[in-house]
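Notes follow once the structure below has been shown.
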Amino acid sequence: MGILDSAPVPRRTMVLFFIVDTSGSMTGSKIGAVNQAIREVLPMLDEISANNADAEIKIALLEFSSGCRWIYDEPKTASEFRWQDREASGLTDLGEACIELGRKLSRDTFMKTDTGAFAPVLILLTDGEPTDDFPGGLKKLKENRWYKAAIKIAIAIGNDANEELIKEFTGNMEAVVEVHNIEALKKLIRTVSVTASQIGSQSSTVGNKDKQGQVVEQLKKDVEETEGAYSAAKPAPDPNDDWD
Amino acid sequence: MAELEPGLKIDLTNGEKLKILKEIGRGGQGIVYLSEYQGHNYALKWYTQKYSDDFYNNLKENIQHGAPSKAFLWPLMLTTKQNGSFGYAMELRKKDFFEFGDYLLAKVKFQSISAMIEAALQICDGFYHLHLRGFSYQDINDGNFFINPHTGDVLICDNDNVTAQGQNTGILGKARYMASEIIAGQKPDKYSDYFSLAVILFMLFYGNHPFEGKKVVSCPCMTEENERKHFGSEAIFILDKNDRTNLPVRGVHHNVIRRWPLFTKVLQDAFIEAFSQDLIKNPTQRMMESKWEKIIRQVRNQLVVCSSCENETFAGSDFVSTCINCGRPVEVKYRLHTNDHGILALTPKKIVLLGKIKEPVAVVRVSKKNAEILAMQNLAQAKWIVETPDGKLKDINPTEFLPLEKGLKIYFTQHEKGEII
Ligand SMILES: Nc1ncnc2c1ncn2[C@@H]1O[C@H](COP(=O)(O)OP(=O)(O)OP(=O)(O)O)[C@@H](O)[C@H]1O
Ligand SMILES: [Zn+2]
Chain A
1 MGILDSAPVP RRTMVLFFIV DTSGSMTGSK IGAVNQAIRE VLPMLDEISA
51 NNADAEIKIA LLEFSSGCRW IYDEPKTASE FRWQDREASG LTDLGEACIE
101 LGRKLSRDTF MKTDTGAFAP VLILLTDGEP TDDFPGGLKK LKENRWYKAA
151 IKIAIAIGND ANEELIKEFT GNMEAVVEVH NIEALKKLIR TVSVTASQIG
201 SQSSTVGNKD KQGQVVEQLK KDVEETEGAY SAAKPAPDPN DDWD
Chain B
1001 MAELEPGLKI DLTNGEKLKI LKEIGRGGQG IVYLSEYQGH NYALKWYTQK
1051 YSDDFYNNLK ENIQHGAPSK AFLWPLMLTT KQNGSFGYAM ELRKKDFFEF
1101 GDYLLAKVKF QSISAMIEAA LQICDGFYHL HLRGFSYQDI NDGNFFINPH
1151 TGDVLICDND NVTAQGQNTG ILGKARYMAS EIIAGQKPDK YSDYFSLAVI
1201 LFMLFYGNHP FEGKKVVSCP CMTEENERKH FGSEAIFILD KNDRTNLPVR
1251 GVHHNVIRRW PLFTKVLQDA FIEAFSQDLI KNPTQRMMES KWEKIIRQVR
1301 NQLVVCSSCE NETFAGSDFV STCINCGRPV EVKYRLHTND HGILALTPKK
1351 IVLLGKIKEP VAVVRVSKKN AEILAMQNLA QAKWIVETPD GKLKDINPTE
1401 FLPLEKGLKI YFTQHEKGEI I
C-alpha cells in the first residue's frame, strides 16, 4: 500500500431508532404510510451517512403492539437495512417497548462500537393510548443515560393519540407533532428522520442551540409547511381527522 | 421557505436578473443552483434557513470588498430578498475538485505528496490573505475546501460566514474543528482560525484527527457536553510529548500511525508545537500561516524522488535517509543552500521550487553520458547567472543545464540566490 493510500477516517456511529406502533388501530392507511415513508427515507439516510466524515448512521426499529419486537438484532447501516412491510394488529404495549429500548440502549448491545457513538435519535410513531403500564416503563427508561442524551421526537397520528403521555417520552410538547392525514404523516416521517439524523450525526455546532433544540426548530418549520400537521404545543384548532 | 424552480428569474441587488437552471446540491443551510447571468454560469447559494439582517448586510459588504485571493469561491453577487429568502452567486467549482471530506472518507486520494504539500500551502496562503484583510473565517471545517488531487489546487468555499474580526453573525463551527476558547463561548477571531487551520493541516497530512486518540474513542457516547470537553477544555494531542493518555489506537487510527514516522521530522515538530497544551490554551502564541508556510516549504525542500523505486520520499540535510517506500538509502550528493528558503536536497528528478513562486525554477537531471554527473536545468523564463568558486560569471539560459559542483553560486532572480554545497 502506497503512503498516500489511506483508510477512511474512523467515524463515530449514530443510531437512529424508530419506535413504531403496529397495534390494531394502525391498520390500513396509517401502517401503509409508515411502510412507504420509511422505505423511501432509507436511501436519503444512506446518502447523508456516505458523505459524513463525522459519523456513520445506523438504523434500528422496534415495533410494539401486543408486546414488542426488534426488526433486526442489531442496528444496520442505511445501505444494509432492508425494509419488510409491517402489518398492524394487537394492543399498544408502549410501556414494554420503553423497557426493551432501555435494555438495548447499552454499550453491551446496540451501542457497542470501536470508535464511539454520538447520542442516538429516537423517533416514536404512535396513534393511540398505551394499553400497558407506560408510566412504569418510561420511568425505567428515563434512568438510561443514552436515552437522556438522545434527540427525541414523537409523531402522534390522529386524534386518539394521547399527547400528554407522549410528551413524557420526548420531554416536551415542542418535540411532539400531530398529523391528521396520510400525506402529512409520510412527509413528517421523512423530514424528521432526515433532519434528526443530519444534526445528530455531526459534531455539534458551537454556540448554537443544542442538537435537540435545532431539530425542534426545523420541525416547527416543517410543520408550518405541511397541511394537516400541528405542533402538539399548538394543536389543531378544530381537530378533524381523515383516517379510515 | 420556497425552493426555486428552473427558469425562474431572480432579482439581484445590482438591478439585473439571474436565471435559475437547475439544482446542484443541498446542505444544512441551503440549496445550491446552477444559474446563468449575462451568458455565464454561476452557482447560486439559496438559503432555506432564516438568517438575520446582520448576516445579509455582512454578505453585502463581503461582496463589495471582493475575494482576498484566487483561492476563494467568494460571493460575487447578492440577490434581493424575495420568495421568503435570499442568496448569493459565486463561481462554479471547477472540475476535478473534491471536498476535503471525500479525502477523509478515502473516496479520493492525493496523487502525490507534492500535491498534498501544495494543497497545504494554498490553504495557508488563502487564510493569510483573508486575515490580512482583517477578516476571520469563523467556521473552518472539512466541508469548506475543495481540492484537486493531481495539482493540490484549493478552492475555499462557504465564505458567507466570513466577518470582520471580533464580529460574528451567529454562525459558529463544528466543535471538532474549533479552538477551545470558542467552544467555551468566546467570539472567533484570527487566533481561533489559526487553531482550526492546524487541525485541518494535520488531517490533510495524516488522515486522522489530532485529538481523537484512545481517550476520545473510548468515550462511549459523544454527547455535546463530552464533545466540549474532548475538543475543548480537555483536548490532548494524540502525539503529545508529555501526556500519553490519548495515543492513536492500532486498528483504528491507521493513517496517522503509518504516516507519522515516515513524514519528515520538520512536520512532526511543527504539530507537536502547534498542539502543545501551551498553544492550545494561549491563542496569541499560536502558529500563524506564514510560519506554517515556512515549515511546509521546508518539507517540500526535503521531498525527492527515490532513484531505486521512483516514488517520492524525503531527504534532509541533517539525517541519512532511507526511502519511505522501499527502504533503500537515498543518497544526497549535492544540496542547494538558498538565501531565504532553507536547504534543498538536489537528487535526480528533484523539482526545485522556491518560496511563493508557483512555477518550478529548475529540475535536477542525470547526465546521459555519465551517471555520476548531475545537472540542474533552468525551467524559469529568465536566465540565471552563475558564479564559479574562482569568481567567474556565466549565464544559464532557460532550458540550459548547469552541471552541479560544490561552491557554485546561482543568482536565479534579483531576490533568489543559492549555493551548491
Ligand atoms: N460553487 C459551487 N459550485 C458547484 N457546486 C457547489 C458550489 N458550492 C456548493 N456546491 C455544492 O452544493 C451542495 C450544497 O453545498 P453547500 O455548501 O451549500 O451546503 P451547506 O448548506 O453549506 O452544507 P453544510 O450543511 O455542509 O454546511 C454541495 O454538494 C456542494 O458540493
Ligand atoms: Zn524507494
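Heads up: the sequence lines are chains A and B, in that order.
Our numbering puts the first residue of the first sequence at 1, with every later residue one more than the last.
Our numbering puts the first residue of the second sequence at 1001, with every later residue one more than the last.
C-beta: ideal position from N, C-alpha, C; glycine also.
Bear in mind that the values here come from a model prediction, so they are computed numbers and not experimental data.
Cβ neighbours of residue i in the same chain (closer than 8 angstroms, five flanking residues each side left out)
{"i": "L1197(B)", "result": "I1123, C1124, F1127, I1140, E1289 and W1292"}
{"i": "L246(A)", "result": "As shown, chain A starts at 1 and ends at 244. That puts residue 246(A) outside it, with no answer to give."}
{"i": "S1218(B)", "result": "none"}
{"i": "G95(A)", "result": "P130, D132, D133, F134, P135, G136, G137 and L138"}
Chain-order list of residues whose beta-carbon lies under 6 angstroms from that of residue i (same chain, five-residue window excluded)
{"i": "A1437(B)", "result": "Here chain B comprises residues numbered 1001 to 1421, so residue 1437(B) is not present and cannot be evaluated."}
{"i": "G1027(B)", "result": "none"}
{"i": "A1270(B)", "result": "I1295"}
{"i": "L1076(B)", "result": "A1089 and M1090"}
{"i": "M173(A)", "result": "K167, A232 and A233"}
{"i": "Q1298(B)", "result": "V1266 and G1342"}
{"i": "Q212(A)", "result": "I151"}
{"i": "G1173(B)", "result": "D1139 and N1141"}
Beta-bridge pairing of residue i - partner residues as DSSP gives them
{"i": "Y230(A)", "result": "E178(A)"}
{"i": "Q1377(B)", "result": "V1363(B) and F1401(B)"}
{"i": "L1155(B)", "result": "F1146(B)"}
{"i": "P1329(B)", "result": "T1322(B)"}
{"i": "E1419(B)", "result": "H1337(B) and K1409(B)"}
{"i": "M1222(B)", "result": "F118(A)"}
{"i": "W1384(B)", "result": "I1396(B)"}
{"i": "K1022(B)", "result": "L1034(B)"}
{"i": "A1345(B)", "result": "R1335(B)"}
Close Cβ partners of residue i (< 7 angstroms) along its chain, the five nearest in sequence each way excluded
{"i": "T1399(B)", "result": "Q1377 and N1378"}
{"i": "F81(A)", "result": "L42 and I59"}
{"i": "Q198(A)", "result": "I48"}
{"i": "K1241(B)", "result": "I1272"}
Closer than 8 angstroms: residue i CB and nearest ligand 1 heavy atom
{"i": "C1323(B)", "result": "no"}
{"i": "M1090(B)", "result": "yes"}
{"i": "D1153(B)", "result": "no"}
{"i": "K209(A)", "result": "no"}
{"i": "K1045(B)", "result": "yes"}
{"i": "G1456(B)", "result": "The question about residue 1456(B) has no answer, for chain B in this structure spans 1001 to 1421."}
{"i": "L1073(B)", "result": "yes"}
{"i": "G1028(B)", "result": "yes"}
{"i": "G1143(B)", "result": "yes"}
{"i": "D54(A)", "result": "no"}
{"i": "R1093(B)", "result": "yes"}
{"i": "V1032(B)", "result": "yes"}
{"i": "D1158(B)", "result": "yes"}
{"i": "I1063(B)", "result": "no"}
{"i": "I1024(B)", "result": "yes"}
{"i": "E1036(B)", "result": "no"}
{"i": "A1099(B)", "result": "As written in the sequence, residue 1099(B) is Glu, which differs from the Ala given in the question. Flag set: Cβ of E1099(B) near ligand 1."}
Residue i: CB within 8 angstroms of a non-hydrogen atom of ligand 2
{"i": "T1313(B)", "result": "yes"}
{"i": "R1328(B)", "result": "yes"}
{"i": "S1308(B)", "result": "yes"}
Any non-hydrogen atom of ligand 3 closer than 8 angstroms to residue i Cβ
{"i": "K1383(B)", "result": "Judged by which ligands are present, ligand 3 is missing from the structure shown, whose ligands are ligand 1 and ligand 2."}
When Cβ atoms are compared, which residues of the segment 169 to 190 of chain A fall closer than 8 angstroms to chain B?
-> Listed in sequence order: no entries.
Mind listing which residues of the segment 12 to 43 of chain A have their C-beta closer than 9 angstroms to chain B's C-betas, in chain order?
-> R12
Secondary structure, beta strand (DSSP E): runs of 3+ residues fully inside the segment 2 to 56 of chain A = Runs found: 12 to 21.
Which full runs of the alpha helix (DSSP H) of 4+ residues lie inside the segment 1033 to 1101 of chain B, going along the chain?
-> 1053 to 1065
Output, in sequence order along the chain, the residues in the segment 1210 to 1224 of chain B whose CB is closer than 9 angstroms to any CB in chain A.
-> E1212, V1216, V1217, S1218, C1219, P1220, C1221, M1222, T1223 and E1224
Every unbroken beta strand (DSSP E) inside the segment 142 to 190 of chain A [3 residues or more] = 151 to 157 and 176 to 179
Report the residues of the segment 1175 to 1198 of chain B with a CB closer than 8 angstroms to any CB of chain A, ordered along the chain.
-> Against chain A - using a Cβ distance shorter than 8 angstroms - the residues of the segment 1175 to 1198 of chain B are A1175, R1176, Y1177, M1178, I1182, I1183 and G1185.
Residues within the segment 130 to 163 of chain A neighbouring chain B, beta-carbon criterion of under 8 angstroms | R145, W146 and A149
Interface residues of the segment 199 to 224 of chain A facing chain B [CB-CB below 7 angstroms] = Q202, S203, S204, T205, V206, G207, N208, D210 and K211
Please list the residues of the segment 56 to 78 of chain A that have a C-beta atom closer than 9 angstroms to any C-beta atom in chain B, keeping them in chain order.
-> none
Residues from the segment 1088 to 1110 of chain B in contact with chain A, defined by Cβ distance under 7 angstroms | G1101, L1104, L1105, A1106, K1109 and F1110
Just by C-beta distance, which residues in the segment 1249 to 1279 of chain B are closer than 7 angstroms to chain A?
-> V1252, H1253, H1254, N1255, R1259 and L1262
4 or more residues per run - each alpha helix (DSSP H) lying fully within the segment 73 to 104 of chain A | 94 to 104
For the segment 1274 to 1322 of chain B, which segments carrying the alpha helix (DSSP H) assignment without a break, of at least 4 residues, lie completely within its bounds, in sequence order?
-> 1277 to 1281 and 1289 to 1302, all fully within the segment 1274 to 1322 of chain B.
Below 8 angstroms between beta carbons is the criterion; list the residues of the segment 1324 to 1341 of chain B that meet it against any residue of chain A, in chain order.
-> Within the segment 1324 to 1341 of chain B, the qualifying residues are I1324 and N1325.
Name, going along the chain, the residues of the segment 1138 to 1170 of chain B whose beta-carbon falls closer than 7 angstroms to a beta-carbon of chain A.
-> D1142
The segment 1225 to 1249 of chain B: which residues have C-beta closer than 7 angstroms to a C-beta of chain A, in chain order?
-> E1227
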